[in-house]
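**Student:** Quick mapping for you: the protein sequence lines, in order, are chains A and B. Using my numbering, the first residue of the first sequence is number 1, and each one after it goes up by one. Using my numbering, the first residue of the second sequence is number 167, and each one after it goes up by one. We put the beta carbon where it would ideally sit given N, CA and C, even for glycine.
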Amino acid sequence: MITEILKGMFTTFKHLLQPPVTIQYPEVKRPVRYRFKGRHELKRYDNGLEKCIGCALCAAACPADAIFVEAAENTDDERYSPGERYARVYEINMLRCIFCGFCEDACPTEAIVLEDNYELSFYDRASAIYTKEMLLVPVPPGGQPTPQKVEPGKYDRAIPEMEDPK
Amino acid sequence: MTIGAGEDTFKELTVEELRAKVGTGMPIDDPEEHMLLSMGPQHPSTHGVLRLLVELDGENIVNLAPDIGFLHTGVEKNMESKTYTKALVMTDRLDYLSPMSNNLAYILAVEKLLGVEATPRAQAIRVILCELARISSHLVWLATHALDLAAMSVFLYCFREREYILDIFEMVAGQRMMVSYFRPGGLWRDVPEEFEPAVRQFLDFFPSRIADYEALLKDNPIWLERTKGIGVISGEDAVAWGLTGPSLRGSGVDWDYRKVMPYSGYEQYEFDVPVETDGDVYARYRCRMREMWESLRIIRQALDKLPQGPVNISDRKIVPPPRSELGHSMEAVIHHFKLWTEGFSAPEGFVYQSVESPRGEFSVYLRGDGSPRPARVHFRTPSYVNLASLPLLSKGAFIADVVAIIGSIDIVLGEIDR
Ligand code: SF4
Ligand code: SF4
């Protein structure tokens with residue numbers, strides 16, 4: 001009986017000498033993996049045009065019905081995204097979202113991407129609805145904010161060439 | 167007669183009133199002399215939102231009735247309103263300690279209904295991930311089971327190793343728990359490059375960690391005292407009550423779906439099914455501990471001969487086309503749009519698919535009616551059936567032993583109430 005107890009004590013003692021595994025969140029943050037599915041972002045092209053073409057495929061693919069998209073027409077004088085249409089309203093209800101990533105898989109232009117922010121909190125239900133302004137990334141350096149005035153006929157193609165995701 | 171809380175705690179109730187109140191239909195032997203105790207539904211040792219109604223004679227249990235349904239989510243009904251692919255996310259939330267097994271059971275059922283089979287690489291990866299899930303689930307079981315019996319350090323060590331497995335899940339699926347990684351016809355994506363080294367590292371260090379847990383518990387006199395001879399169920403009773411998984415194998419019945427009805431290529435791997443004969447809490451503990459070793463063996467074999475090749479079948483009517491084709495192929499765009507809006511239609515008919523989840527037989531009954539949505543989904547979940555044997559297991563035991571017995575049948579309320 002004594003030997004068993006000593007064996008147990010020894011196991012616990014061994015762990016005293018090992019470095020701690022606890023991470024001191026929020027001072028220290030655990031880096032997330034490349035594929036991590038955190039808060040969504042709506043992406044832009046390098047020239048500042050929005051990738052989202054308002055096709056609402058993400059909303060159709062969402063198992064939690066968390067996405068609301070309302071599209072409007074682009075013109076060459078007021079262009080938000082390549083192709084015919086853009087998302088005039090884009091909202092995700094973060095209380096409904098289950099972070100499954102189906103919207104990212106369904107998006108034909110890689111406009112919506114689940115990034116690595118996992119620190120979502122709200123004081124009330126209304127502020128859990130993230131609007132397009134909150135989701136859209138800033139204009140990259142060298143790009144123009146939307147809407148842009150562009151050469152006619154230059155941005156007719158809605159779906160770009162893409163690579164397979166890693 | 168004391169029951170519940172609030173105003174009428176000490177009010178005298180007739181037996182009929184009492185029964186109506188407790189709502190479990192439990193026969194009460196002696197309402198005058200015995201105490202009725204309501205454990206839960208948030209009792210720290212009931213492993214979820216489970217309520218137990220216990221009739222006590224002193225410290226001994228006369229009757230016991232589990233009262234379930236507090237976590238009801240309507241998963242089965244909900245799945246009927248979603249396409250086959252979208253319904254997958256629901257299955258993660260049944261047995262939330264091993265979502266991989268649930269995913270696998272559902273996806274295998276869908277594939278059976280469609281008449282397709284995943285590629286060899288996808289099958290092997292599925293096996294590796296399911297076995298990792300089995301280990302991580304057993305780690306949570308061991309951690310909480312030991313914690314219930316006051317062994318705190320086991321809890322901490324188990325969660326540390328589980329964290330490593332969850333990190334592997336995050337690496338492959340982007341999610342630590344609600345993975346939804348297996349898809350009809352294959353996988354979400356192929357595993358990343360760093361997957362294999364990470365699993366190999368796990369295979370290297372984990373045996374010494376199991377040795378640590380064994381050193382803490384296996385021969386520990388307090389542990390033996392609390393688990394040996396407690397909650398005994400014979401082999402015949404276990405079969406009669408429909409127990410499956412380690413709870414059945416702890417009673418000496420050799421029954422494992424990976425052996426008797428192999429799926430996803432389990433027949434290619436060499437492994438033993440641990441069986442213990444005593445049928446008590448300790449036997450079930452030994453079964454699960456030994457299963458972890460077998461899981462390691464399976465993972466090692468699957469990793470060693472992991473086939474190369476695609477992870478998804480090439481049928482564009484089931485698996486969406488790769489992203490690289492969308493930019494230049496109109497056909498690919500059409501398939502992509504069609505699959506993500508309408509989904510694929512499965513033929514009329516029904517299938518039944520069982521897998522060996524960490525808790526036992528997890529089966530899916532799936533009926534298709536030719537539409538893109540399942541007409542009926544039903545789950546046969548191991549925890550639900552195993553919990554039904556709790557009154558039998560705990561009859562005559564001490565109230566403190568109930569905690570050990572619940573731990574030893576390893577229930578998850580998510581799949582009981584579903
Ligand atoms: S991550 Fe899933 S639940 Fe969330 S918005 Fe996208 S599709 Fe919907
Ligand atoms: S985010 Fe993608 S899928 Fe959703 S509306 Fe925009 S382009 Fe379409």
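Please report the distance separating the alpha-carbon of Ala570 (chain B) from that of Lys394 (chain B).
**Tutor:** Residue numbering aside, residue 570 (chain B) sits at position 404 when the second sequence is read from its first letter. Residue numbering aside, residue 394 (chain B) sits at position 228 when the second sequence is read from its first letter. About 10 Å.
**Student:** Kindly list, in the order they appear in chain A, the residues whose Cβ is closer than 7 Å to that of Trp307 (chain B).
**Tutor:** The count along the second sequence starts at 1 and reaches residue 307 (chain B) at position 141. In chain order: nothing, as chain A lies at least about 20 Å away.
**Student:** Does the beta carbon of Cys55 (chain A) fall short of 7 Å from some heavy atom of ligand 2?
**Tutor:** The sequence position of residue 55 (chain A) within the first sequence is 55, counting from 1. Cys55 (chain A): yes, Cβ under 7 Å from ligand 2.
**Student:** Does any residue of chain A bring its CB to less than 8 Å from the CB of Glu225 (chain B)?
**Tutor:** On the second sequence, position 59 is the one that residue 225 (chain B) refers to. Chain A contact via Cβ: absent.
**Student:** From which residue to which residue does the alpha helix (DSSP H) around Pro232 (chain B) run?
**Tutor:** As a working note, residue 232 (chain B) is residue 66 in the second sequence. Where Pro232 (chain B) is concerned, there is no enclosing alpha helix (DSSP H), although the beta strand (DSSP E) it sits in stretches over 226 to 233.
**Student:** Using a 10 Å radius around the Cβ and a threshold of 16 neighbouring Cβ atoms, would you call Ile582 (chain B) buried or exposed?
**Tutor:** Here the question's residue 582 (chain B) lines up with position 416 in the second sequence. Buried, by the Cβ-count rule.
**Student:** Drop a sphere of 10 angstroms on the beta-carbon of His311 (chain B), count the other beta-carbons inside from all chains shown, and report buried for 16 or more, exposed for fewer.
**Tutor:** Translated into the one-based positions of the second sequence, residue 311 (chain B) becomes position 145. With 16 or more other Cβ atoms within 10 Å, it is buried.
**Student:** Run through DSSP, which three-state label would Met201 (chain B) get?
**Tutor:** Along the second sequence, read from residue 1 onward, the residue named residue 201 (chain B) stands at position 35. If DSSP states are grouped into helix, strand and coil, Met201 (chain B) belongs with the strands.
**Student:** Between Ile291 (chain B) and Leu353 (chain B), which are expected to be in contact by the criterion C-beta below 8 Å, what is the C-beta distance as a whole number of angstroms?
**Tutor:** Against the second sequence, residue 291 (chain B) aligns to sequence position 125. Against the second sequence, residue 353 (chain B) aligns to sequence position 187. Their Cβ separation, rounded to whole angstroms, is 6 Å, which keeps Ile291 (chain B) and Leu353 (chain B) in contact under 8 Å.
**Student:** Please report the straight-line C-alpha distance between Phe68 (chain A) and Arg533 (chain B), rounded to a whole angstrom.
**Tutor:** Walking along the first sequence from the start, residue 68 (chain A) turns up at place 68. Walking along the second sequence from the start, residue 533 (chain B) turns up at place 367. When rounded, the distance between both Cα atoms is 31 Å.
**Student:** Note down, one range per segment and in chain order, each alpha helix (DSSP H) of at least 4 residues found wholly within the region 506 to 568 of chain B.
**Tutor:** List check, alpha helix (DSSP H) in window: 548 to 554, 556 to 560.
**Student:** What in chain A is Cβ-close to Gly493 (chain B), meaning under 7 Å?
**Tutor:** The residue you call residue 493 (chain B) lines up with position 327 of the second sequence. Near Gly493 (chain B) (Cβ distances below 7 Å), the residues of chain A are Ile159, Pro160, Glu161, Met162.
**Student:** Any beta-carbon of chain B closer than 8 Å to the one on Phe13 (chain A)?
**Tutor:** In the first sequence, counting from the first residue as 1, residue 13 (chain A) sits at position 13. No - not a single Cβ of chain B is within 8 Å of the one on Phe13 (chain A).
**Student:** Would Val21 (chain A) pass as an interface residue toward chain B - the criterion being a Cβ-Cβ separation below 8 Å?
**Tutor:** Looking up residue 21 (chain A) in the first sequence gives position 21. For Val21 (chain A), the answer is yes, since a Cβ of chain B falls inside 8 Å of its Cβ.
**Student:** Is the Cβ-Cβ distance between Ile399 (chain B) and Ala563 (chain B) less than 8 Å?
**Tutor:** The sequence position of residue 399 (chain B) within the second sequence is 233, counting from 1. The sequence position of residue 563 (chain B) within the second sequence is 397, counting from 1. Contact: no.
**Student:** Using beta carbons (cut-off 8 Å, strictly below), is Lys252 (chain B) in contact with chain A?
**Tutor:** As a first step, residue 252 (chain B) must be located in the second sequence, where it is residue number 86. So yes, Lys252 (chain B) belongs to the interface.
**Student:** My output table needs one value for Asp438 (chain B): the three-state DSSP class, helix, strand or coil.
**Tutor:** Translated into positions along the second sequence, residue 438 (chain B) becomes position 272. If DSSP states are grouped into helix, strand and coil, Asp438 (chain B) belongs with coil.
**Student:** Just to confirm before moving on: does the CB-CB distance between Lys97 (chain A) and Ala64 (chain A) stay below 8 Å?
**Tutor:** Within the first sequence, numbered from 1, the residue matching residue 97 (chain A) stands at position 97. Within the first sequence, numbered from 1, the residue matching residue 64 (chain A) stands at position 64. According to the sequence displayed, residue 97 (chain A) carries Cys and not Lys. Yes, Cβ-Cβ distance for Cys97 (chain A) and Ala64 (chain A) is below 8 Å.
**Student:** Once you ignore the five residues that flank Thr11 (chain A) on each side, which residues in its own chain have a CB closer than 6 Å to its CB?
**Tutor:** On the first sequence, residue 11 (chain A) is found 11 positions in, with the first residue counted as 1. Here the set comprises nothing.
**Student:** Is the Cβ of Phe68 (chain A) closer than 8 Å to any Cβ of chain B?
**Tutor:** By 1-based counting over the first sequence, the position of residue 68 (chain A) is 68. For Phe68 (chain A), the answer is no, since every Cβ of chain B falls outside 8 Å of its Cβ.
**Student:** Would you list, in sequence order, the uninterrupted alpha helix (DSSP H) runs of no fewer than 4 residues that lie entirely inside the region 20 to 95 of chain A?
**Tutor:** You should have 57 to 61.
**Student:** For the alpha helix (DSSP H) that Glu460 (chain B) lies in, which residues bound it at each end?
**Tutor:** One-based indexing of the second sequence puts residue 460 (chain B) at position 294. Residues 447 to 470.
**Student:** Counting C-beta neighbours from all protein chains within 10 Å, is the total for His501 (chain B) 16 or more, i.e. buried, or is it exposed?
**Tutor:** On the second sequence, residue 501 (chain B) is found 335 positions in, with the first residue counted as 1. The residue is buried, with at least 16 neighbouring Cβ atoms inside 10 Å.
**Student:** By the 10 Å Cβ neighbour count, where 16 or more other Cβ atoms means buried, how is Ser374 (chain B) classified, buried or exposed?
**Tutor:** As a working mapping, residue 374 (chain B) is identified with position 208 in the second sequence. Ser374 (chain B) is exposed by the Cβ-count criterion.
**Student:** Return the chain-ordered list of same chain residues with a C-beta closer than 7 Å to the C-beta of Pro473 (chain B), the five sequence neighbours on each side being excluded.
**Tutor:** Working through the second sequence from its first residue, we reach residue 473 (chain B) at position 307. Closer than 7 Å at the Cβ level, and outside the excluded window around Pro473 (chain B), lie Pro286, Arg287, Ala290.
**Student:** Which first and last residues belong to the alpha helix (DSSP H) in which Asp403 (chain B) is found?
**Tutor:** The residue you call residue 403 (chain B) lines up with position 237 of the second sequence. Taken as a continuous stretch (DSSP letters only), the alpha helix (DSSP H) holding Asp403 (chain B) covers 401 to 406.
**Student:** Exposed or buried, Met9 (chain A), counting other C-beta atoms within 10 Å across all chains shown (16 or more means buried)?
**Tutor:** Here residue 9 (chain A) refers to the residue found at position 9 of the first sequence. Looking at its Cβ environment, which holds fewer than 16 other Cβ atoms inside 10 Å, Met9 (chain A) is exposed.
**Student:** Taking the runs of the alpha helix (DSSP H) that are 4 residues or longer, which of them lie wholly in the region 227 to 289 of chain B?
**Tutor:** Correct list: 241 to 245, 254 to 257, 265 to 280.
**Student:** Let's see if you can read the secondary structure: which residues bound the alpha helix (DSSP H) around Leu16 (chain A)?
**Tutor:** If you number the first sequence from 1, residue 16 (chain A) lands on position 16. Looking at the DSSP string, the run of the alpha helix (DSSP H) that includes Leu16 (chain A) is 2 to 16.
**Student:** Can you pull out the residues from the region 37 to 63 of chain A whose beta carbon lies closer than 7 Å to at least one beta carbon of chain B?
**Tutor:** Result list: Lys37, Leu57, Ala60, Ala61, Pro63.
**Student:** Within the same chain, show all residues whose beta-carbon is closer than 8 Å to that of Pro165 (chain A), passing over the 5 residues directly before and after it, in chain order.
**Tutor:** To locate residue 165 (chain A), count along the first sequence from 1; it is residue 165. Cβ within range, chain order: n/a, list empty.
**Student:** Looking at the C-beta of Phe176 (chain B), does it have a partner C-beta in chain A at a distance below 8 Å?
**Tutor:** The sequence position of residue 176 (chain B) within the second sequence is 10, counting from 1. Note that Phe176 (chain B) scores a pLDDT of 48, beneath 50, so its modelled location is shaky and nothing firm can be said.
**Student:** Assuming Arg591 (chain B) is part of the beta strand (DSSP E), what are its boundary residues?
**Tutor:** The shown model of chain B, from 167 to 584, leaves out residue 591 (chain B), and the question about it has no answer.
**Student:** Tell me whether Ala377 (chain B) is buried or exposed, calling it buried when 16 or more other Cβ atoms sit within 10 Å of its Cβ.
**Tutor:** Mapped onto the second sequence, residue 377 (chain B) falls at position 211. The residue in question, Ala377 (chain B), is exposed, as its Cβ has fewer than 16 Cβ neighbours within 10 Å.
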